[in-house]
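Read top to bottom, the protein sequences are chains A and B. 1 is the number of the first residue of the first sequence in my numbering; add one for each residue after it. 1 is the number of the first residue of the second sequence in my numbering; add one for each residue after it. Structure first, commentary second.
There are 2 protein chains.
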Amino acid sequence: MSDEQVTAPTNRRRISQRGIATRERILEAANRLMLVRGVNATTLDDIREASQTSKSQLYHHFADKQELVRALVNYRGALVLQRERAGLERLRSFSGLVRWRNALVQANSLNNGKYGCGLGSMALELSDQDEQARSSLSETFAAWERLISDGLHRMRDSGLLRQDADPEKLATGLMAALQGGYLLANAAHDVAPMEVALDMALEHIKSFLVQPAAEPAR
Amino acid sequence: MSDEQVTAPTNRRRISQRGIATRERILEAANRLMLVRGVNATTLDDIREASQTSKSQLYHHFADKQELVRALVNYRGALVLQRERAGLERLRSFSGLVRWRNALVQANSLNNGKYGCGLGSMALELSDQDEQARSSLSETFAAWERLISDGLHRMRDSGLLRQDADPEKLATGLMAALQGGYLLANAAHDVAPMEVALDMALEHIKSFLVQPAAEPAR
DNA sequence: AATAAATGGGACCAAATAGTCCAGGAAATC
DNA sequence: GATTTCCTGGACTATTTGGTCCCATTTATT
Numbered sequence: 001m002s003d004e005q006v007t008a009p010t011n012r013r014r015i016s017q018r019g020i021a022t023r024e025r026i027l028e029a030a031n032r033l034m035l036v037r038g039v040n041a042t043t044l045d046d047i048r049e050a051s052q053t054s055k056s057q058l059y060h061h062f063a064d065k066q067e068l069v070r071a072l073v074n075y076r077g078a079l080v081l082q083r084e085r086a087g088l089e090r091l092r093s094f095s096g097l098v099r100w101r102n103a104l105v106q107a108n109s110l111n112n113g114k115y116g117c118g119l120g121s122m123a124l125e126l127s128d129q130d131e132q133a134r135s136s137l138s139e140t141f142a143a144w145e146r147l148i149s150d151g152l153h154r155m156r157d158s159g160l161l162r163q164d165a166d167p168e169k170l171a172t173g174l175m176a177a178l179q180g181g182y183l184l185a186n187a188a189h190d191v192a193p194m195e196v197a198l199d200m201a202l203e204h205i206k207s208f209l210v211q212p213a214a215e216p217a218r
Numbered sequence: 001m002s003d004e005q006v007t008a009p010t011n012r013r014r015i016s017q018r019g020i021a022t023r024e025r026i027l028e029a030a031n032r033l034m035l036v037r038g039v040n041a042t043t044l045d046d047i048r049e050a051s052q053t054s055k056s057q058l059y060h061h062f063a064d065k066q067e068l069v070r071a072l073v074n075y076r077g078a079l080v081l082q083r084e085r086a087g088l089e090r091l092r093s094f095s096g097l098v099r100w101r102n103a104l105v106q107a108n109s110l111n112n113g114k115y116g117c118g119l120g121s122m123a124l125e126l127s128d129q130d131e132q133a134r135s136s137l138s139e140t141f142a143a144w145e146r147l148i149s150d151g152l153h154r155m156r157d158s159g160l161l162r163q164d165a166d167p168e169k170l171a172t173g174l175m176a177a178l179q180g181g182y183l184l185a186n187a188a189h190d191v192a193p194m195e196v197a198l199d200m201a202l203e204h205i206k207s208f209l210v211q212p213a214a215e216p217a218r
């Protein structure tokens with residue numbers, strides 16, 4: 001769904017290790033620059049310079065800026081999903097969720113809430129500008145939520161969560177709290193709102209635990 | 001804190017009704033265009049055309065694009081706060097919160113989740129690009145949260161909310177859910193995630209009610 | 001080794017876009 | 001009503017930026 005390449009003879013085309021590396025270097029630079037400056041505020045010359053490549057290479061690997069952005073959407077999505085899969089695929093307990101929360105908070109606190117979520121910022125900037133990018137981002141968010149809801153399903157199946165808990169809705173709520181937390185933290189240049197938001201969502205999930213603990217979440 | 005005008009002789013400068021109207025027309029057009037296309041993707045020519053003005057007028061009323069954007073940040077902030085003040089300053093009950101939620105959801109559903117929150121989208125786009133804009137936006141968010149927390153304080157003072165409820169944190173959580181909901185709804189082009197997120201936050205607030213009702217929030 | 005195809009460097013072009021300028025018209029003050 | 005100051009229209013300029021092109025170099029296939 002994301003790999004259309006140069007449209008035509010993908011098979012007839014030779015490809016070298018060096019070419020792959022260059023393409024990767026471009027995406028890596030675009031990822032880095034566009035995270036801090038935003039997509040529209042980053043120029044191709046910025047990327048060319050940061051990736052130590054040239055114009056012809058940019059246009060050799062990507063038809064135009066839009067296609068580069070779309071590739072970045074997939075690139076960044078894959079990175080996030082990979083990271084999140086590592087942290088969520090074995091989720092089976094509430095304390096696992098707390099650890100997951102702590103990891104996100106700590107990562108974000110390293111830069112005082114700046115930059116926010118790479119996916120969320122692209123979503124707001126591109127959704128009303130590039131339908132294909134929006135669609136990809138939406139799917140990535142869905143996959144991310146599924147990682148969470150799968151964990152919640154496991155917790156429900158094992159009897160930790162009540163039967164009337166709705167893993168999908170809980171996951172959506174948690175994701176919204178996370179994204180909203182990123183946004184407020186970014187605006188405030190302070191992780192605090194992100195912590196409060198995540199704690200709210202965790203508290204909400206906690207209220208569906210079969211044996212609610214006495215102490216509040218943390 | 002937001003009105004610096006042309007820096008120098010604000011008093012010595014005559015100003016006509018027509019001038020004010022033109023400035024307003026420019027801001028109104030910028031507000032409209034930048035909401036759907038984003039700040040960086042909107043050109044001054046777009047604004048000039050949409051506002052039925054000319055280049056000289058843009059630069060007569062604003063030093064450059066950055067200052068126009070900063071003025072827009074304040075303009076939009078004032079609009080949102082005005083709207084929210086109307087809906088929140090008499091907040092005294094949980095059902096009042098539900099009505100507030102419903103109004104936001106309905107407004108957003110009119111365009112299938114598109115465009116998101118005018119403040120939130122600017123926040124993500126400008127926070128890492130214009131420190132002054134970020135600061136203003138952060139203050140506006142704080143004022144908005146205060147409208148909510150003031151209402152929650154009233155509910156706590158009147159005995160509706162438990163004493164251990166923290167209005168500030170509850171307001172931050174609700175705001176994060178709202179902003180995250182806007183973001184996910186925008187990415188999905190569907191209000192549903194925004195509803196789920198807001199309901200989660202309301203449910204969380206509900207858990208601090210002195211006499212929890214039997215039925216779930218709605 | 002010869003050949004063909006992929007990769008690379010960077011000058012160059014065209015369009016978009018921010019920003020300038022000035023002359024004429026409108027409004028306020030005397 | 002005259003004069004001064006503000007406001008407006010729109011042509012014009014400079015810069016940025018996406019995109020093209022050509023030729024050299026490297027890599028793979030024979």
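For every residue, glycine included, the Cβ atom is placed at its ideal position computed from N, Cα and C. From a predicted model like this one, the values you see are computed outputs, not experimental measurements.
### Query
Just how far apart, CA to CA, sit Ser207(A) and Met155(A)?
13 Å
### Backbone CA spacing between Asp166(B) and Leu178(B) [nearest angstrom]
18 Å
### Task
Starting from Arg156(A), trace the alpha helix (DSSP H) both ways and give me its first and last residue.
131-157
### Message
So the candidates are Tyr75(B), Asp64(B), Val69(B), Thr22(B); which of them puts its Cα closest to the Cα of Glu49(B)?
### Response
Nearest C-alpha to Glu49(B): Thr22(B).
### Task
Look at the alpha carbon of Arg90(B) and the alpha carbon of Ala123(B), and state the distance between them as a whole number of angstroms.
28 Å
### Task
Could you check if Lys169(A) is buried or exposed, using at least 16 other CB atoms within 10 Å of its CB as the buried criterion?
buried
### Query
Does DSSP put Arg18(B) in a helix, in a strand, or in coil?
Three-state DSSP puts Arg18(B) in a helix.
#### Entry: Limits of the alpha helix (DSSP H) - the one that Thr172(A) falls within
167-188
### Task
Output yes or no for whether 8 Å exceeds the beta carbon distance between Arg197(B) and Ala176(A).
Contrary to the premise, residue 197(B) reads as Ala rather than Arg in this sequence. A contact, by the Cβ cut-off of 8 Å.
#### Entry: Whole alpha helix (DSSP H) elements within the segment 43-126 of chain A, 4-residue minimum
For the segment 43-126 of chain A, whole alpha helix (DSSP H) runs of length 4 or above, ordered along the chain, are 44-50, 55-61, 65-88, 94-109, 118-126.
### Query
Excluding five sequence neighbours on each side, which residues of the same chain lie with their C-beta closer than 7 Å to the C-beta of Ala171(A)?
Glu145, Ile148, Ser149, Leu152
### Query
Secondary structure at Ile205(A), three-state DSSP: helix, strand or coil?
Residue state, collapsed to three classes: helix.
### Query
Rounded to the nearest angstrom, how far is the Cβ of Val98(A) from that of Leu202(A), given a contact under 8 Å?
The distance from the Cβ of Val98(A) to that of Leu202(A) is about 7 Å, consistent with a contact at the 8 Å cut-off.
### Message
What does the Cβ neighbour count give for Ile205(B), buried or exposed, with the cut at 16 atoms within 10 Å?
### Response
buried
#### Entry: Whole-angstrom distance between Val73(A) and Leu88(A), CA atom to CA atom
21 Å
### Query
Can the beta-carbon of Leu35(B) be found less than 8 Å from the beta-carbon of Gly120(B)?
No.
### Query
Between the beta-carbon of Ala187(A) and the beta-carbon of Phe94(B), is there less than 8 Å?
no
### Query
So is Leu161(B) in contact with chain A if we call contact Cβ pairs under 8 Å?
no
### Message
Give me the subset of the segment 140-152 of chain A whose CB atoms are less than 7 Å from a CB atom of chain B, sorted by chain position.
### Response
Going along the segment 140-152 of chain A in chain order, one finds Phe141 with a Cβ nearer than 7 Å to chain B.
### Query
Along chain B, in chain order, which residues have C-beta atoms closer than 8 Å to that of Lys114(A)?
Ser127, Asp128
### Query
Is the beta carbon of Leu209(A) sitting closer than 8 Å to the one on Leu160(A)?
Yes, the Cβ-Cβ distance between Leu209(A) and Leu160(A) is below 8 Å.
#### Entry: Alpha carbon of Gly116(B) to alpha carbon of Ile15(A), nearest angstrom
42 Å
### CB of Ala185(A) within 8 Å of CB of Asn102(A), strictly
no
### Message
Please identify the residue among Met194(B), Gly38(B), Ser158(B), Lys55(B) whose C-alpha is closest to the C-alpha of Leu126(A).
### Response
Gly38(B)
### Task
With distances taken Cα to Cα, identify the nearest neighbour of His61(B) among Arg25(B), Met200(B), Asp130(B), Ala133(B).
Arg25(B)
#### Entry: As assigned by DSSP and simplified to three states, the class of Leu160(A)
coil
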